[in-house]
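*Asks:* Please see the structure below; I have some questions.
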DNA sequence: TGCCAGGCCCTCTTTAGGGCCTT
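In this note's numbering, the protein residues as written are -16 to 187.
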């Protein structure tokens, strides 16, 4: 773990379905790097999964088979992403989903990463207790974060997740009356029962 | 043939079920 590293990569995958164990693959990755509370770098690429994607996924993402026919393979793109990621920790909205695709795609090319994941969905459930639900689009509206792009494209969703995250970090900083929120506190918070969240933050 | 994700989290809970999230 990189307790003192203040560099975090926020990522989002578009995929052919919900489960790499069922043969699903990534078709797009988008990511932004946050350093000291500012977005400093970004990464975006379509990737060809090696088979035709369903009509449902074409409509859901706006990514067509025609678009994917012209782009590099998952292996080529994921190797570039592994270089971009380096040793940074990672954040995603519903991280268990993106983590299983990252693990599967990097495993396919025998690459590894050393960072740890945190999940903006788990943190939101503990911080935004009045939100109508915890979908990414809903939380962006709930936090009054301006957005003028298409959800369900990887870079846009990663950028929105990054903005949501910085907004939630502000809220946590206010609660703990401290300007720096350690990575370990986020990890602890993500596992704390909802009713004990205020207790955890109060004693920090 | 028919089935097919899975982790989190709440509750009418732990010998379980079902909604929420992600594509």
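All residues carry an ideal CB built from backbone N, CA and C; glycine is no exception.
#1: Go ahead and pull the three-state DSSP assignment for residue 178.
#2: What does the Cβ neighbour count give for residue -14, buried or exposed, with the cut at 16 atoms within 10 Å?
#3: Which same chain residues end up closer than 8 Å to residue 187 when comparing Cβ atoms and leaving out the 5 residues on each side of it in sequence?
#4: List the DSSP bridge partners of residue 9.
#5: With DSSP collapsed to three states, give me the class of residue 37.
#6: Where does residue 153 fall in DSSP's three states?
#7: Using 8 Å as the threshold, is the stretch 31 to 46 in touch with the stretch 6 to 17, meaning 3 or more CB pairs across them?
#8: What's the gap between the Cα of residue 40 and the Cα of residue 176?
#9: What first and last residue would you give for the beta strand (DSSP E) that runs through residue 22?
#10: Rounded to whole angstroms, how far is the Cβ of residue 65 from the Cβ of residue 101, which I believe are closer than 8 Å?
#11: Are three or more beta carbon pairs between the stretch -5 to 2 and the stretch 25 to 40 nearer than 8 Å?
#12: Mark residue 140 as exposed unless 16 or more other C-beta atoms lie within 10 angstroms of its C-beta, in which case mark it buried.
#13: Whose C-alpha, out of 137, 74, 165, is nearest the C-alpha of residue -7?
#14: Exposed or buried, residue 81, counting other C-beta atoms within 10 Å across all chains shown (16 or more means buried)?
#15: Taking the alpha carbon of residue 150 as the point to measure from, which residue in 107, 51, 181 has its own alpha carbon closest?
#16: Would you call residue 26 buried or exposed, if buried means 16 or more other Cβ atoms sit within 10 Å of its Cβ?
#17: Among residues of its own chain, excluding the 5 on either side of residue 60, which ones have a beta-carbon nearer than 6 Å to its beta-carbon?
#18: Note down the Cα distance separating residue 194 from residue 183, rounded to an integer number of angstroms.
#19: Hey, residue 36 and residue 110 are a contact pair by Cβ (cut 8 Å); roughly how many whole angstroms apart?
*Replies:* Looking at the coordinates:
#1: In the structure shown, the three-state DSSP call for residue 178 is helix.
#2: With a pLDDT of 49 at residue -14, under the threshold of 50, the modelled position of that residue is not reliable, and the figure given next carries that caveat. Exposed, by the Cβ-count rule.
#3: Excluding sequence neighbours, residue 187 sits near 159, 161, 168.
#4: Per DSSP, -2.
#5: Assignment of residue 37 by DSSP, reduced to helix, strand and coil, places it in the coil class.
#6: Here DSSP, grouped into helix, strand and coil, assigns residue 153 to helix.
#7: Cβ pair count under 8 Å is three or more, so yes.
#8: Distance between the alpha carbons of residue 40 and residue 176: 35 Å.
#9: Where residue 22 is concerned, the enclosing beta strand (DSSP E) stretches over 21 to 29.
#10: Actually they do not touch by this definition, with Cβ atoms about 19 Å apart.
#11: Yes, the stretch -5 to 2 is in contact with the stretch 25 to 40.
#12: Its Cβ being crowded by 16 or more others within 10 Å, residue 140 is buried.
#13: It is 74.
#14: Buried is the call here.
#15: Closest option to residue 150, Cα to Cα, is 107.
#16: Looking at its Cβ environment, which holds 16 or more other Cβ atoms inside 10 Å, residue 26 is buried.
#17: Once the five neighbours on either side are set aside, the close Cβ partners of residue 60 are 28, 30.
#18: Residue numbering for the chain in the displayed model covers -16 to 187; residue 194 lies beyond these limits and cannot be assessed.
#19: Contact annotation, residue 36 with residue 110: C-beta distance approximately 35 Å; criterion of less than 8 Å not satisfied.
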